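Note that the protein sequences, when read in sequence, are chains P and X. So the first sequence is numbered by my numbering: it starts at 1 and just counts up by one. So the second sequence is numbered by my numbering: it starts at 264 and just counts up by one. The next block holds one structure in the form of structure tokens; read it before the comments.
2 protein chains.
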Amino acid sequence: MTDLSFEKPVKVRQRIRENILKKPTSGLCRGYAQGNLVILPKSLAYDFLLFAHRNPKPCPVLEVTDVGQRELKSIAKGSDVSTDIPKYRIYKKGRLEGEYLDIKDFWREDYVSFILGCSFTFESALIDAGISVRHIEAGSNVPMYITNMECRSAGIFSGPMVVSMRPVHVDNIVKTVQITSRYPKVHGAPIHIGAPKLIGIKDIFNPDFGEPVEIKENEIPVFWACGVTPQAVAMKVKPEIMITHAPGHMFITDIKNYELGNF
Amino acid sequence: MTDLSFEKPVKVRQRIRENILKKPTSGLCRGYAQGNLVILPKSLAYDFLLFAHRNPKPCPVLEVTDVGQRELKSIAKGSDVSTDIPKYRIYKKGRLEGEYLDIKDFWREDYVSFILGCSFTFESALIDAGISVRHIEAGSNVPMYITNMECRSAGIFSGPMVVSMRPVHVDNIVKTVQITSRYPKVHGAPIHIGAPKLIGIKDIFNPDFGEPVEIKENEIPVFWACGVTPQAVAMKVKPEIMITHAPGHMFITDIKNYELGNF
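Below, the structure written as structure tokens:
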């Protein structure tokens, strides 16, 4: 298979659309931002947009479509949100109904699509700065935890914040805070450092989502607000319907990582 | 009258509520952020929130109330948005109907209130850095211009961006960009520097709102997206009703300017 690490997003979205590419998107189109997907009926769009606004660390909104529109005009010209993600999930009343390669047949004219920033952007900035990211080294999914930190509620949406964890050597804590602070549109600065029990995490080696990672000597667990939060919230508040990407199967945008930074 | 420059916001909001204080709020409660007000019926709230999200430079949202709520819980505990601003404006179908000291008698249970960041915060950061701000020195209102830059539309809301202008000495342009870039929640980095004709401004000494200021030798006009944009947009798209603050009569929050910075 062609190496798609340095391919343009428009080309890779085309392969995904044709179901030639069905894999997780990590490592594809280096330098370009990827995003989480949330699709909701218009009747729930205000509550969700307000929820995202009130919780910008877990839910940094990159783009919202007009009602019924499938193209993400400002971040991916010519894209189709119903086909350009390798794997979708449909939740009905908070229950995962199934996974699909596209959602063309389920499309409704009252759908609004939200793309939320994804940690791939700050991870690539950390790696560029010489700070290794454990779960990437290990080839596993980042460990994620449901915390005791409540999101600010908005309309029907409420629930606990989900966080991701990356162990960081004490020598790199300052640099890690500095680098990720520059990217508020992809979860930004850590939300907690060093005392998982304080945020309601009982067993760091038993995450609620993803896989555990090793924490080495002189490393401290660092936590970031996580884009899985809206899925966890939806499972709790049980909206009529909600469509998302499947974990790791992200939407690849035309936005350069650099453009999402505060420089 | 008591000097309120260093008074706590809660005390000053109380004086405003009792109509003891009816003046513009510039210079009050130093160190605390002030905000623009937009009140709309719930039926228009999604379009406006999306408009603000798509145009974060003119419309940086600090807080949105729940429907019918008058307290701005997260930025001003115990506040009442229907009384705590010295002067309000009511627009009906895009026409200014009148100015009022409070809007208690006009309150509707379907109102949603939006507080947008205000340039006072970055102006005070500029002054702290030794960069003088001409209209403050002159004791006049900042000059504002309707540009040829279209906002991204959302639902019923669309229209040109309004900008404010401050002349900056060439020696201070870099520092001015750096300092204001740290405050994206109060319009952030300049939107244009140096060539007003390119953004549709025909006569820099004849602003559309506010008052003209002198531009001295070796000074360049620097433009920022302006919180008057939603009022200008509303006058164009003529929503049934929209309530705002009167220019210069802002909502004083409990948020420290520092908290709005990217540090």
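Yeah, the Cβ is synthetic: ideal placement off N, Cα and C, and Gly gets one too. Remember, it's a predicted structure, so these values are computed and weren't measured experimentally.
8 Å Cβ shell around residue i - same chain, five flanking residues per side excluded
i, result
"X/I442", "F385, A388, L389, A392, I394"
"P/G248", "P24, T25, S26, N141"
"P/S5", "G27, L28, C29, R30"
"P/E259", "A33"
"X/P453", "T439, V440, T443, V485, F486, W487"
"X/Y309", "G418"
"X/K519", "G294, Y295, A296"
Alpha carbon of residue i to alpha carbon of residue j, nearest angstrom
i, j, result
"P/Y88", "P/W107", "12 Å"
"X/V485", "X/E413", "19 Å"
"P/E7", "P/M250", "16 Å"
"X/L364", "X/Y354", "15 Å"
"P/P60", "X/E372", "30 Å"
"P/I193", "P/F114", "29 Å"
"P/G210", "P/V228", "11 Å"
"X/E477", "P/V38", "50 Å"
"X/P502", "P/K42", "20 Å"
"P/K185", "X/I462", "28 Å"
"P/M161", "P/V168", "21 Å"
"P/S254", "P/K77", "At residue 254 of chain P the sequence reads Asp, which differs from the Ser that was named. So the alpha carbons of these two residues sit roughly 8 Å apart."
"X/T328", "P/P230", "21 Å"
"P/T244", "P/K197", "30 Å"
"X/D266", "X/E362", "26 Å"
"X/A401", "P/I204", "59 Å"
"P/L21", "P/R15", "6 Å"
"P/V67", "X/K479", "49 Å"
Given residue i as reference, the closest of the options once Cα atoms are compared
i, options, result
"P/K23", "P/A246, P/D254, P/N262", "P/A246"
"X/S421", "X/V330, X/H316, X/R280, X/N299", "X/H316"
"P/V133", "P/S164, P/G155, P/G117", "P/S164"
"X/R429", "X/S382, X/L461, X/G524", "X/S382"
"P/K202", "P/R152, P/K93, P/N148", "P/N148"
"X/E281", "X/G524, X/I348, X/V327, X/K340", "X/I348"
"X/I483", "X/V496, X/V437, X/A495", "X/V437"
Chain-order list of residues whose beta-carbon lies under 7 Å from that of residue i (same chain, five-residue window excluded)
i, result
"X/I515", "P272, V275, R276, T288, L291, C292, Y295, Q297"
"X/K367", "S345, T346"
"P/S79", "R13, E71, L72"
"P/D208", "M144, Y145, I146"
"X/K356", "K501, E503"
"P/R298", "The displayed coordinates of chain P run from 1 to 263. Any statement about residue 298 of chain P would go beyond what the structure contains."
"P/Q69", "none"
"X/G451", "K320, T443, S444"
Test item: CB-CB of residue i and residue j under 7 Å
i, j, result
"X/M505", "X/L303", "yes"
"X/V433", "X/N481", "yes"
"X/N299", "X/L379", "yes"
"X/I338", "X/L325", "yes"
CB-CB length for residue i against residue j, believed under 8 Å
i, j, result
"X/P321", "X/A488", "4 Å"
"X/L307", "P/L49", "Incorrect: roughly 14 Å between the Cβ atoms, too far for contact."
Close-in-space but distant-in-sequence residues of the same chain around residue i (CB under 6 Å, 5 per side omitted)
i, result
"P/H135", "V142, V213"
"P/N262", "R182"
"X/Y531", "In the structure as shown, chain X starts at 264 and stops at 526, and residue 531 of chain X therefore has no counterpart that could be examined."
"X/P496", "According to the sequence displayed, residue 496 of chain X carries Val and not Pro. Closer than 6 Å at Cβ, skipping near neighbours: F420, G422."
Heavy atom of the ligand ATP within 6 Å of residue i beta-carbon
i, result
"P/R95", "For the ligand ATP, the structure offers nothing, since it holds no ligand at all."
Members of the segment 309 to 321 of chain X that neighbour chain B once the beta carbon cut-off is set at 8 Å = Although the question refers to chain B, the structure presented lacks it and instead comprises the protein chains P and X.
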